[in-house]
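Sequence order for the protein chains is Y and R.
If you use the numbering used here, the first sequence corresponds to residues 108 to 343, in order.
If you use the numbering used here, the second sequence corresponds to residues 108 to 343, in order.
Don't be surprised by glycine CBs; every beta carbon is placed ideally from N, CA and C.
Nothing here was measured: the structure is a model prediction, and the numbers come from that model.
Protein chains: 2
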Amino acid sequence: MRVEIWSDITCPWCYVAQARFEKALAAFPHREAVEVVHKSFELEPGRGKADVEPIIKVLMRGKGWSEAQALANEKNLTRQSAGEGLPYVQGRDHGGTFDIHRLLHFAKAQGRQHELVGLLYRANFAEERSLFNDDERLVELAVEAGLDAGAARAVLADPKAYAEDVRADEREAAQLGAQGVPFFVFDRTYGVSGAQPVDAFSRALAQAWGNRSPLQVVGSGAGGHVCGPDGCPVPH
Amino acid sequence: MRVEIWSDITCPWCYVAQARFEKALAAFPHREAVEVVHKSFELEPGRGKADVEPIIKVLMRGKGWSEAQALANEKNLTRQSAGEGLPYVQGRDHGGTFDIHRLLHFAKAQGRQHELVGLLYRANFAEERSLFNDDERLVELAVEAGLDAGAARAVLADPKAYAEDVRADEREAAQLGAQGVPFFVFDRTYGVSGAQPVDAFSRALAQAWGNRSPLQVVGSGAGGHVCGPDGCPVPH
């Protein structure tokens, strides 16, 4: 069974939902058979790498809020995160995430995506130091996730590396009807939109598990010619 | 709609089936909505990169055939390929394909996988020059597919690059019950095993299209909190 999670590292509800999903998964009896794949979704696709601002300013301008209102919003997110046992540092930076998504695809190719997602959330929401417009900070996190520093640096330096993977994920999200994140998709059958309670994730896991259907295969008997471990039988 | 194709570049039935599938796809009215993904399957997972032999010798040893029988088998494959309008040079080399699969994953990340698959089939089955144990030949094909020579060379030189992607594809094939290739999977619902006639692929496309079901989404109304283009609403 496969669970795909569209998210963005700047999305606080993704941070909270990831923790809730992980609780549901830890309690799911068939968790060993669940493959989790992280998919790209930029909250601000047009935002450049160097376009970094304090989240407070982003909220004030974007929402027309006073500074006090923006700070109250941050306090609220602190409380919501604490409800899942997650630390939250108020007043983080906000920036473009295209390179971060590219790095996550590199991590996926090396079997380290899950580790890197967790470290990126922690770095963005729970640490004072900004991870935006700072490739060396991203390289440090990549190394902490078990990746090679030189290879991670090369990916960050090449704007085309894994770029198509990021865009393909974003096209898929649109096709599936996601208008925001987090967006969880279970075996392409059930979706969970938003930071739902742990129970909602548990139910989606159980439902998707119950509805697994074996592939209907045409030609598994005679019929089409197949190459296998014993070669490629050819009719004479 | 997504079609996943497990295959190996050394598999003549994959070469034939790819052409048949492409005919079915070209005639499919919703072809623009079909995403095709190539997945890795090594016919001989243990075979090393430098372990290259003429296919005639491989067949003689593997099947206990005389040279005449092995040559007759090649003639037959020539006829089968010609039936799809495909050239086939008798007496190709045979070798390990792990690096070729890694390169195909790199091409996928750059949006060039389909181009590279076609060029690899042509190079292996329709050209005199062997593509085994010859990284520069693979780099030439990668460049012809629109990839960067230096980046392709770096992937081939690093045995870990995209290795996990290859293994993940192979695990998935086993989970789906594939015992050989080609193995086509339509939206994880219908499978087509082997080089079936064009009609079988057309039927699978039509069936899978007819059975597309919209995702059942929990929480698309109120409920879970979502970050979207307008930010991340937080309850007060």
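At least three beta-carbon pairs within less than 8 angstroms, the segment 199 to 210 of chain Y to the segment 132 to 143 of chain Y: With the cut-off at 8 angstroms, the segment 199 to 210 of chain Y and the segment 132 to 143 of chain Y do not touch.
Against chain Y: residues of the segment 310 to 323 of chain R by CB proximity under 7 angstroms: Taking a C-beta cut-off of 7 angstroms against chain Y, the contacting residues of the segment 310 to 323 of chain R are A311, L322 and Q323, listed in chain order.
Reference R:C339, options Y:Y228, Y:A307 and Y:A302, closest by Cα: Cα-wise, what sits closest to R:C339 is Y:A302.
Under a CB-based cut-off of 8 angstroms, is Y:L132 close to chain R? Interface annotation, Y:L132: not in contact with chain R, CB-CB separation never under 8 angstroms.
Does the contact criterion of 3 or more C-beta pairs under 8 angstroms hold for the segment 276 to 285 of chain Y versus the segment 143 to 150 of chain Y? Yes, the segment 276 to 285 of chain Y is in contact with the segment 143 to 150 of chain Y.
Are the C-beta of R:G203 and some C-beta of chain Y separated by less than 8 angstroms? At a cut-off of 8 angstroms, the C-beta of R:G203 has no neighbouring C-beta in chain Y.
Taking DSSP's pairing of strands, which residues face Y:P161 in a bridge? Beta-bridge pairing links Y:P161 to Y:D200.
According to DSSP, what are the bridge partners of Y:C334? In DSSP, Y:C334 forms a bridge with R:V288.
Check R:L310 in the structure and name its three-state DSSP category. Inspection of the sequence shows that residue 310 of chain R is occupied by Arg rather than by Leu. R:R310 falls in the helix class under three-state DSSP.
Nearest residue (CA-CA) to R:R260, options R:A214, R:A233, R:F232 and R:R295: Looking at the Cα atoms, R:A214 is the closest of the given residues.
Quick check on Y:T296 - is its C-beta less than 8 angstroms from some C-beta in chain R? Judged by the 8 angstroms Cβ criterion, Y:T296 is in contact with chain R.
Could you tell me which residues DSSP pairs with Y:K146 in its beta bridges? The partner list for Y:K146 (beta bridge, DSSP) reads Y:W113.
Could you tell me which of Y:E222, Y:W120 and Y:K156 sits nearest to Y:E191, measuring between CA atoms? Nearest of Y:E222, Y:W120 and Y:K156 to Y:E191, Cα basis: Y:W120.
With Y:V325 as the anchor, note down where its beta strand (DSSP E) starts and where it stops. Y:V325 -> beta strand (DSSP E) spans Q323 to V325.
Interface residues of chain Y around R:Y269 at Cβ under 8 angstroms? A216, listed in chain order.
What residue from R:D337, R:F290 and R:R295 has the CA that sits closest to Y:H332's CA? Checking every option, the nearest Cα to that of Y:H332 belongs to R:F290.
Specify whether the segment 121 to 131 of chain R and the segment 306 to 315 of chain R touch according to this definition: at least 3 beta carbon pairs, one from each stretch, less than 8 angstroms apart. Output reads yes: the segment 306 to 315 of chain R touches the segment 121 to 131 of chain R.
What are the residues of the segment 271 to 290 of chain Y that lie near chain R, defined by any Cβ-Cβ distance shorter than 7 angstroms? Residues passing the 7 angstroms Cβ filter: E271, D272, L283, G284, Q286, G287 and V288.
Can you list, in chain order, the residues of the segment 128 to 155 of chain Y whose Cβ is nearer than 7 angstroms to any Cβ on chain R? Taking 7 angstroms as the cut-off between beta carbons, the residues of the segment 128 to 155 of chain Y near chain R are L150, in sequence order.
Mapping the DSSP letters down to three states, classify Y:G298 as helix, strand or coil. Three-state DSSP puts Y:G298 in a strand.
Distance between Y:A233 and R:H212 (C-alpha atoms, nearest Å): When rounded, the distance between both Cα atoms is 34 angstroms.
Give the single residue among Y:Y297, Y:V123, Y:C118 and Y:H208 whose Cα lies nearest to the Cα of Y:A315. Of the listed residues, the one whose Cα sits closest to Y:A315 is Y:Y297.
In terms of residue numbering, what span does the alpha helix (DSSP H) encompassing R:N240 cover? Membership of R:N240 in any alpha helix (DSSP H) is not indicated, and neither H nor E is assigned to it by DSSP.
Could you tell me the distance, in whole angstroms, from the CA atom of Y:M108 to the CA atom of R:W172? Distance between the alpha carbons of Y:M108 and R:W172 is about 43 angstroms.
Compile a chain-ordered list of the residues in the segment 328 to 342 of chain Y whose CB is closer than 8 angstroms to at least one CB of chain R. In summary, the residues of the segment 328 to 342 of chain Y whose CB is separated from some CB of chain R by less than 8 angstroms are G330, G331, H332, V333, C334, G335, P336, D337, G338, C339, V341 and P342, in the order they occur in the chain.
Can the beta-carbon of R:V288 be found less than 8 angstroms from the beta-carbon of R:D115? Closer than 8 angstroms, so yes.
Mind checking if Y:H221 is an interface residue toward chain R, Cβ cutoff 8 angstroms exclusive? False, the Cβ-Cβ gap to chain R never drops below 8 angstroms.
Flag this pair as touching only if the segment 236 to 244 of chain R and the segment 222 to 237 of chain Y have three or more C-beta atom pairs under 8 angstroms; answer yes or no. No, the segment 236 to 244 of chain R does not touch the segment 222 to 237 of chain Y.
Sorry if obvious, but does the Cβ on R:D276 come closer than 7 angstroms to a heavy atom of the ligand COA? Ligands displayed in this structure: none; no statement on the ligand COA is therefore possible.
Can you tell me the Cα-Cα spacing of Y:D158 and Y:A281, whole angstroms? Take the alpha-carbon of Y:D158 and the one of Y:A281: they are about 25 angstroms apart.
Which value, in whole angstroms, describes the spacing of the CA atoms of Y:H221 and R:Q176? Here the alpha carbon of Y:H221 sits roughly 51 angstroms from the alpha carbon of R:Q176.
To the nearest angstrom, report how far apart Y:Y195 and Y:A252 are at their CA atoms. Roughly 21 angstroms separates the two Cα atoms.
Got a sec, what are the start and stop residues for the alpha helix (DSSP H) R:Q303 sits in? For R:Q303, no alpha helix (DSSP H) run applies, since DSSP gives it neither H nor E.
For Y:F293, write down the residues that DSSP places opposite it in a beta bridge. BP columns for Y:F293 point to Y:V110 and Y:Y297.
Alpha-carbon spacing of Y:V224 relative to Y:L210, whole angstroms: Rounded to whole angstroms, Y:V224 to Y:L210 spans 10 angstroms at the Cα level.
Note down the Cα distance separating Y:S237 from Y:P161, rounded to an integer number of angstroms. Between the C-alpha atoms of Y:S237 and Y:P161 there is a straight-line separation of about 10 angstroms.
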